[in-house]
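Below is one structure, written out as C-alpha cells, with a few remarks after it.
There are 2 protein chains.
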Amino acid sequence: MASAKSEFTVEPWRVRELGLHPGNLAQSESVFALSNGHIGVRGNYDESTPNGLLGTYLNSFYEERPLPYAEAGYGYPEEGQTIVNVTDGKIIRLLVDDQPLDMRYGVVRHQERSLDMREGLLHRDVIWETTAGTQVRIRSTRLVSFTQRAILAIRYSVEAINKPVRIVMQSEMVANERLKVASKDPRVAAALKDPLRPEEHSHTGNRSLLIHRTRRSKLRVAVACDHVIHGEEDFHSNTYVQPDWTRTTVGTELQPGETVGLTKFVAYGWSSQRTLPALRDQVDAALSAVLHTGWDNLVAEQRSYLDEFWDGADVEVDGDPAIQQAVRFGLWHVLQSGARAEGRAIPAKGLTGPGYDGHCFWDSEMYVLPVLTATAPQAARDAISWRLSIAELAAERAQTLKLKGVAFPWRTIRGQECSAYWPAGTAAFHVNAAIAVSAARYVFWTQDEEFDKEIALPLLVQTARLWADLGYHGDDGRFHIDGVTGPDEYSAIVDDNVYTNLMAARNLRYAAEAAERWPKAAKELKVTESERADWWAAVETIAVPYDSDKDVHMQDADFTQHRVWDFEETLKDDGYPLLLHYPYVDIYPKQVVKQADLILAMHWCGDEFTPEQKARAFEYYEAVTCRDSSLSACTQAVIAAEVGQVELAHDYATEAALMDLHNLEHNTGDGVHVASLAGAWLALVCGFGGMRDHHGQLSFAPTLPEKIQRLAFTLRWQGCKIRVEVTHERTIYQLEDGPDAHVPIKHYGRKFTLRSGKTASKATKPPKPLTPRPKQPVGREPIRAGSGG
Amino acid sequence: MASAKSEFTVEPWRVRELGLHPGNLAQSESVFALSNGHIGVRGNYDESTPNGLLGTYLNSFYEERPLPYAEAGYGYPEEGQTIVNVTDGKIIRLLVDDQPLDMRYGVVRHQERSLDMREGLLHRDVIWETTAGTQVRIRSTRLVSFTQRAILAIRYSVEAINKPVRIVMQSEMVANERLKVASKDPRVAAALKDPLRPEEHSHTGNRSLLIHRTRRSKLRVAVACDHVIHGEEDFHSNTYVQPDWTRTTVGTELQPGETVGLTKFVAYGWSSQRTLPALRDQVDAALSAVLHTGWDNLVAEQRSYLDEFWDGADVEVDGDPAIQQAVRFGLWHVLQSGARAEGRAIPAKGLTGPGYDGHCFWDSEMYVLPVLTATAPQAARDAISWRLSIAELAAERAQTLKLKGVAFPWRTIRGQECSAYWPAGTAAFHVNAAIAVSAARYVFWTQDEEFDKEIALPLLVQTARLWADLGYHGDDGRFHIDGVTGPDEYSAIVDDNVYTNLMAARNLRYAAEAAERWPKAAKELKVTESERADWWAAVETIAVPYDSDKDVHMQDADFTQHRVWDFEETLKDDGYPLLLHYPYVDIYPKQVVKQADLILAMHWCGDEFTPEQKARAFEYYEAVTCRDSSLSACTQAVIAAEVGQVELAHDYATEAALMDLHNLEHNTGDGVHVASLAGAWLALVCGFGGMRDHHGQLSFAPTLPEKIQRLAFTLRWQGCKIRVEVTHERTIYQLEDGPDAHVPIKHYGRKFTLRSGKTASKATKPPKPLTPRPKQPVGREPIRAGSGG
C-alpha cells in the first residue's frame with residue numbers, strides 16, 4: 001500500500017498543518033474534526049468557504065431514506081438512515097475593509113492550523129493581506145467541550161497589522177447547507193436535500209435560536225448561540241434571524257496593533273420526543289451555563305478532562321516519532337468518538353464525516369471498545385448499554401429472520417437494520433458475538449457488578465439464544481454454523497467460519513457463566529438449566545475446520561480447497577481494491593482475503609490455537625490477504641508480533657497508525673477511520689506489548705522492533721492503573737492508584753502477582769519466529785516502518 | 001399443492017369457458033391469449049372492458065427502465081428491460097340501441113368462449129339483453145395468423161333477436177392504455193407509464209394507422225387496421241384518428257334475424273432501426289396482402305398450418321381426459337410462443353402476459369426447446385439462432401465478469417443482462433450450458449449441417465470457453481466449478497453443483513466434438529488442439545460430489561451435510577412458498593429444494609447415473625423438495641416414471657399439465673407458464689414414454705400408470721416422423737414420411753433399427769421400483785391424478 005506524503009508535521013502531542021493545501025481540504029477537515037461523541041464539527045475554515053465538505057453532526061441524528069431494490073426479497077429493510085448535516089453553528093465570516101476573507105483571494109502570508117491533543121483545542125493562525133495590501137492577523141481557537149456536552153465554542157480575534165482597517169465579523173448559523181449530492185438515486189437525493197424543516201427562529205440581543213425538524217424521521221434539533229465581544233469598546237453589532245439562518249454582525253475600526261474579537265458559544269440539543277419548548281429551553285439553559293463558566297474556565301475544564309484521560313491512556317513510543325504521534329492521534333479520535341456518546345452508537349467515522357452514512361458497525365465493538373475499555377471505561381460502558389437499548393429492535397429483526405434471541409444490525413444509526421445487501425445485513429451474525437464479548441470484556445476489566453447483571457447478562461443471554469438457534473450438532477457431533485458471512489468481505493455465506501464459530505462459543509460460554517453468576521436475574525430472563533446445558537454443549541463441540549492436507553486452519557469449511565486468486569494479474573490490471581473491479585461471483589469462491597478473519601480469530605480467541613498453528617496460519621493467510629480494508633493492518637500487526645515477525649509487525653503498525661494522517665485509502669475526507677485509529681493502539685499494546693485478556697486473564701508477551709527503543713503504556717484495570725514499560729532488555733510492570741490490590745498477570749505465559757504501588761521487572765525475551773518472513777500478494781506489501789517520519 | 005377448480009370444460013381439442021367468471025378474467029385472458037411468437041394478444045373481451053389485464057405484445061418490443069440499488073456492486077446492470085403493452089388493435093365496442101355492451105350490465109343470456117386448437121381460432125358467442133329488453137347475439141372469432149406473422153384478424157357480427165335495434169360498432173386501436181402500476185418504485189413506474197410517444201396518425205377511408213416510439217429504448221411500432229363490412233348494405237361508417245387512438249364507426253338498424261358484421265385486419269410492425277416511412281409502408285403492405293387473402297382463406301391457411309403441426313406433434317392419451325386436453329393445450333402454447341419468433345427470444349410467459357417483465361430465461365432452452373426440437377424444429381432453430389445473435393453482448397458480459405467466452409444473461413429481452421440479483425444474474429452460469437446443449441440436441445434431431453457449422457459450433461465453442469475458464473483442476477485432480485448457482489433457487493453460490501458440472505461437461509464435450517467435425521470453421525474461431533485437449537480433460541474429470549455416508553449424490557459439494565428444513569413448522573406457519581416468508585440466509589444453508597436440480601441432472605444427463613443411484617436420489621430429494629417453482633413437477637414426473645414410481649409420476653404429470661388451466665400457482669393471470677406447459681409433454685413423452693436422446697441416441701423405456709390405457713405420440717426425427725404407441729402390453733414404433741431411412745433406437749436399453757414405413761412391436765415391460773413410494777415434505781404432495789377430470 002503506497003504511502004501518500006502527509007501534509008502534517010510530526011510532533012508528539014500536536015498535529016499541525018502549515019500553509020495552504022487546497023487539494024487536501026476534505027482530509028484535513030476530518031483530521032481536525034472536533035467531537036465529544038455527542039456533537040461533531042468538521043475542521044472547516046471559520047469562514048466556511050472554501051471547504052472540502054461542510055459538516056456538523058449530532059450523534060444519532062439522522063434522516064430516513066428509501067432503500068430501493070430492483071429485485072426485493074423477504075426481510076430486506078425498506079428504510080435506510082443517513083446522518084444529517086445539521087445546523088452549522090461554527091461559521092464566522094470576516095470582512096476586511098471591503099473584502100471578504102477567503103483563502104483563495106488576496107495573499108495568505110501565513111496559515112497554521114494546529115490540533116493540540118493535550119489541550120483539546122483546534123487553533124488557527126492566519127496572516128492575510130487584502131488585494132489592497134491591508135494585512136490582518138486572525139486567530140481562532142475552537143473546542144467541542146468534553147465537560148459540557150452540548151457546547152461548541154470558538155474564540156475568534158482579528159488584529160490590524162499595517163494599516164487602519166474596517167472590520168466586520170459575521171457570526172452565523174446556517175441550516176440546510178448545500179452539499180454535494182450523495183446518491184444517484186433521485187428519491188434518495190430528494191430525501192436528503194434540505195432535510196431540516198424550519199420550526200422556529202428567534203433572537204434576543206446577540207443570542208439567537210433555530211429549531212428544525214427532519215421530514216421523515218421526525219427528529220427535532222435546536223441550536224442556540226450567543227456571543228461575547230472583546231478587545232474594542234467602540235463597535236456596532238446586530239443580530240438578524242431567518243428560518244434557515246441567523247447572523248450576528250460585529251463591526252468596528254482598528255488601528256495597527258489593535259485587536260477585536262468575539263467568543264461564540266453554540267449549544268445543541270435534539271430529541272425525537274421532547275417538545276419544541278422543552279428543546280428551546282434546553283439549549284438556552286446550556287448557553288446560560290457556559291456563559292457563566294466563561295471561555296477560560298471552559299478551556300481549563302477541557303485540559304483537566306484530558307489530563308485525566310491521558311494519565312490512564314497514553315502510549316509512549318521512543319524511536320518512531322510518526323507512530324508516537326499517530327497512536328495519540330488515534331486515541332484522541334477514539335476518545336472523541338465515544339467520550340460523551342452516552343447511550344448512543346459509536347459510528348465507523350465517529351462524528352467526523354458522512355462516510356458509511358454515519359452508520360455504526362461491528363468494528364465499534366471489536367476495534368474501538370477494547371481500547372476504550374482499557375483507557376476510558378465509562379465510554380465503553382455507554383456504548384455497550386446502547387446496544388442493550390436497541391435489543392428490542394434486534395429481537396424483532398431476529399423474528400423477521402426466523403431466529404430466536406436477537407440479531408443486531410449490521411449497520412445502523414438508531415438500531416434498525418439498514419443494510420441493503422443481505423449477505424452482510426442478514427448473514428454477518430458475528431456482530432452479535434462482538435457485542436456480547438465486549439460486554440463480558442468490560443466486566444473483566446472493571447468488575448462492575450451492576451453492569452454485569454443489568455447490561456451484560458441480558459445481552460449475553462439474548463445473543464446466545466441466536467447462536468443456539470442458528471447452529472446445530474452435525475452428524476460428526478460438532479456444533480456447526482452454516483451459511484454465515486465472517487469478517488472477511490471477500491467471502492460470504494460460508495459454513496463454519498472459524499472466527500464466527502469461536503466468537504459464538506465465547507458468547508455462549510460467557511452467557512452460561514453470567515447466568516450461573518446471577519441465577520435470579522437469569523431466571524427472570526427465562527434461562528433454564530437445559531438451555532445452559534445446550535450452550536455448554538455447543539461451546540465444547542464447536543466446529544473449527546482444519547485442512548490436514550495443507551496443515552493449516554481453514555477460514556471456513558471450504559476455504560483452502562478453493563483456487564488462489566491471481567494477484568499478479570490483478571496488479572497488472574490495476575485491479576485493487578478488488579470490490580471495485582471484480583464481481584462477487586469471481587471473488588467469493590476464491591482464496592483471497594480482504595481483511596484479517598482467521599487471523600482476527602487468532603487475536604481475540606488466541607487461546608484456541610497453538611503457537612505453531614498461529615505461525616503456520618499467519619504465513620498461509622499473509623499470501624492471500626490483499627488488505628482492501630482499513631480493519632486489517634492492525635490485526636496483522638498483532639499476530640505478526642506474536643509469531644515473531646516483529647519487523648513486519650512494525651510495518652503493519654505503521655500502516656494502521658498512518659491510515660488517516662497519510663490518507664492511505666484516499667477517503668479520509670469522508671471522515672476518519674475510527675477502528676483503524678484504535679488499531680494503532682491495538683498494534684502497539686496487543687502487538688508489541690503482547691497484551692491479551694482471554695477470559696479475564698491479563699497477559700503480556702512483549703517484543704519490540706529494532707527501531708523502537710521503548711514502549712510504555714497504561715491500562716485502567718479494575719479501578720487501578722497498570723503501567724507497562726518495555727525496552728529491548730526489560731519489561732517493567734507497575735500497579736498504581738486504585739484500592740490496595742493485587743493483579744495476577746502472565747508474562748510470556750508465566751503467572752505472577754502485581755501488587756499496588758509495587759514494580760515488577762522482567763526480562764524481555766520474545767520467542768523466535770517459527771517461519772521466515774511471510775510474503776504478501778505482489779503489490780500488497782505493507783508500507784515500511786519509518787516511512788511516516 | 002391444492003387444485004383450484006378449473007373454469008374450463010375438459011374436451012380433447014378445445015378449451016371452453018361457459019358463462020361469466022368475473023373473478024377469473026385475468027387467468028382466462030392468459031389461457032385464451034393468441035400468439036404466433038411475433039404478436040401476442042391477450043384474450044380480453046372484444047369490447048375491452050371489463051378486463052383482468054389488457055395486453056398486446058410484440059416479441060422483443062420493450063422499454064428500458066432503471067434498476068435501482070441501495071448498495072450497488074461491481075458489474076450490477078443499471079438498465080432493465082420490460083415488455084410493453086403496445087397499441088391495442090383488437091377493440092370492437094358495440095352500442096345496442098343506446099346501451100354499450102358490457103358484461104357487467106344488462107342480462108347475459110349466454111356466453112361461451114372457446115379456443116379451438118386445431119383451427120387456431122378463439123370463438124366467442126354471446127346473447128345479451130339490454131336493460132330495455134332488446135336481445136342481440138354477438139359472435140366473434142379471433143386469430144393471430146401463423147402464416148402471415150404481422151396479422152391479427154377478427155370476425156365480428158351482431159344479430160338482432162327479438163326487436164328492431166339500432167347497432168353501432170366501434171372498431172378501435174388504442175395506445176398507452178392505462179394499466180395497473182407494476183412497480184412501487186416511482187422511477188420505474190414513470191418509465192413505464194405512457195411508454196409510447198406518438199409519431200404519426202393517419203387514415204384513408206376505414207384504414208387507419210398509428211406510429212409510436214418508446215422513450216428510452218427508441219423502438220418504433222406501426223399498427224394499421226382495415227375493415228370489411230358485411231351483412232347489411234344500409235350502413236353508415238366513418239373513421240377518426242388521434243395520436244393515441246383511432247376509431248372506425250359502423251352504424252345500422254337491424255330487424256330481428258338480421259345480422260351486421262365486420263372483419264377487422266390489424267397489421268403490426270416494429271423496428272429499432274427502420275425509418276418511420278419504411279414501417280408505415282410495411283404494415284400497409286401486410287394489410288393489403290391479407291385483404292387480398294381474405295378472411296376465409298386466412299382461416300384455411302391457419303388450419304392447414306396447424307394440421308401439419310399436429311401431424312408431427314400430437315400426443316394421444318386414453319384414460320385421462322384432463323391430461324389429454326392439457327398436453328394439447330401445452331403444445332398449443334409452446335407452438336404459439338415460438339412458431340414465428342424468428343430470431344427473437346421465447347419468453348417465460350410467451351406473449352401471453354407481462355409476468356417476469358417479459359423476460360426469457362434458461363427454461364426456454366431446457367423445457368421449451370426440447371419439445372419444439374421434436375415437434376416444430378424450425379422454431380427451435382430460430383430460438384437457438386437468436387442466442388447466437390446476442391453472443392456479442394454475452395461476450396461483453398463475460399468480460400465484465402472477468403471470464404473468457406460468453407456469459408449469456410440470466411434474464412433478458414434483447415440480450416443484455418437484466419437481473420439485479422447477482423447470485424442469479426452472475427452465478428447461474430448453467431444457462432450457458434442449456435443453450436449449448438440445446439444447439440447440440442437440435443443437430444442430433446435434424447442432422448442440419450449448416451446449422452451445426454454456422455450456429456451450433458460458435459455457440460458451443462464460446463460457451464465451452466466460459467467453463468474452461470470458470471472451472472479448475474483441484475488437488476484431487478477433478479475439474480471443479482466453485483461458487484455457482486444451480487437450477488434450485490433455494491441454494492446459491494455453491495461449489496460443484498452436479499447439474500451445472502454435468503451440463504458443463506456435455507457443453508465441453510459437444511464443443512470438442514463439433515470442433516473436430518468442422519476443423520476449418522473451428523480454426524477460424526481460434527480453437528487450438530491444446531484448447532480441445534483442455535476441454536476433454538475437464539469432461540473426463542468433472543467433479544460429481546457423492547455423499548458416501550448417506551449413499552446418495554449431493555446436489556452440490558456441501559448439500560447433504562446441511563440441516564434439513566423444518567417443513568412441519570413451515571406448514572404450521574403457512575410459510576409456502578418459502579421465498580415470500582423466509583430470508584435467504586435461512587433458506588440457502590439448509591436442505592430444501594425449490595425445484596428439481598439434481599433430479600433435473602438425472603433427466604438430461606441420465607447416462608451419468610446408475611438406476612440404483614437414480615432411485616436412491618429420487619427418494620432422498622423427494623423428501624426435501626417443496627416445489628415452489630412451476631419448473632419442478634414435470635421433471636419429478638419424468639424421473640418418478642424412470643425409477644418405477646409410475647403412479648407418482650402420473651400425479652406430477654397431472655400437476656405440470658394443469659398448471660395454467662387450474663391456475664395452480666395463482667399467477668396465470670400474468671401469463672401462462674410456457675415451460676410448465678412444455679413440461680406436460682415432457683412428463684408424457686420422457687416420463688411415460690421414457691424417451692431420452694443422450695448424445696443423439698434415441699431411446700425409450702415406456703411405462704404407463706394404471707389409468708392411462710394408451711399413450712401415442714409423434715416425434716420429428718431427422719426429416720422423418722417416429723410414431724410411438726404405448727399400451728400396458730405393447731409398444732409399437734413406426735417410422736413415417738421422410739426419406740427412406742433407418743433409425744437405431746433403444747427399447748429399455750436394447751438396440752434395434754426402425755426402418756421407414758415399417759412397424760416394430762415390443763413388449764411394454766418397465767422395471768420394478770427399487771424403493772417404496774417416496775414421501776414429499778408434509779403438505780407438499782402433488783395433486784392427485786384424475787383430480788382435473
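From first to last, the protein sequence lines are chains A and B.
First residue of the first sequence: 1, per the UniProt record's numbering; consecutive thereafter.
First residue of the second sequence: 1, per the UniProt record's numbering; consecutive thereafter.
Backbone N, C-alpha and C fix where the C-beta goes; we use that ideal spot for every residue, glycine too.
E392/B and K520/B have their C-alpha atoms roughly 21 Å apart.
Buried is the label assigned to A675/B, since at least 16 other Cβ atoms lie within 10 Å of its Cβ. Listed in chain order, the alpha helix (DSSP H) runs fully inside the stretch 496-530 of chain B are 498-517, 519-524, counting runs of at least 4 residues. Residue-level contact check: H553/B does not touch chain A, since none of the beta carbons of chain A fall below 8 Å from its beta carbon. Residues of the same chain with a CB within less than 8 Å of the CB of G343/B, apart from the 5 flanking positions on each side, are D382, S385, W386, S389 in chain order. A785/A is a Cβ neighbour of P705/A, given a cutoff of 8 Å. Taking a Cβ-Cβ cut-off of 7 Å, the neighbours of E71/A in chain B comprise A420, Y421, given in sequence order.
In the DSSP assignment, A380/A falls outside any beta strand (DSSP E) and within the unbroken alpha helix (DSSP H) covering 377-389. In terms of CA proximity to R414/B, Q81/B leads the group S271/B, R93/B, Q81/B. A direct Cα-Cα distance of roughly 6 Å separates A617/B from V552/B. R340/B and V431/B have their C-alpha atoms roughly 23 Å apart.
If you check the CB distance, L715/B and V371/B do not come in under 8 Å.
Annotated three-state conformation of G358/A is helix, per DSSP. Scanning chain B for C-beta atoms nearer than 8 Å to the C-beta of D549/A yields D475, reported in chain order. In the DSSP assignment, R303/B falls within the unbroken alpha helix (DSSP H) covering 295-311. DSSP places D116/B in the strand class (E or B) of the three-state scheme. For the pair L664/A and F8/A, the Cα-to-Cα distance works out to about 14 Å. The DSSP-derived three-state label of V327/B is helix. Inclusion of S756/B and G779/B in the CB contact set at 8 Å is not warranted, their separation being larger than that value. When the beta-carbon positions are compared, L115/B and R216/B stay at least 8 Å from each other. The criterion of a C-beta distance shorter than 8 Å is not satisfied by T731/B and F752/B. CA-to-CA, the gap between T134/B and S272/B works out to about 49 Å.
Within the same chain, K614, E642, R692, H694 come within 8 Å of G606/A by CB-CB distance, once the 5 residues on both sides are set aside. Fully enclosed beta strand (DSSP E) runs of no fewer than 3 residues occupy 135-144 of the stretch 126-153 of chain A, in order along the chain. 8 Å or more divides the Cβ of V498/B from the Cβ of Q561/B. Against chain A, the CB of D495/B has a partner CB under 8 Å away; the residue lies at that interface.
Between the stretch 299-309 of chain A and the stretch 253-269 of chain A, the count of C-beta pairs closer than 8 Å stays below three; the two stretches do not touch.
Taking one beta carbon from each stretch, the stretch 483-492 of chain A and the stretch 522-537 of chain A have fewer than 3 pairs nearer than 8 Å; the two do not touch. Counting along the chain, G269/A sits inside the beta strand (DSSP E) bounded by residues 259-271.
Straight-line spacing of the CA atoms in R441/B and R506/B works out to 11 Å.
For the C-beta of K193/B, not a single chain A residue is nearer than 9 Å; the gap to the nearest is close to 16 Å. Cα atoms of V136/A and E177/A: separation of roughly 28 Å, rounded to the nearest angstrom.
Shown here, A341/A sits in coil according to DSSP, grouped into three states, outside any helix or strand.
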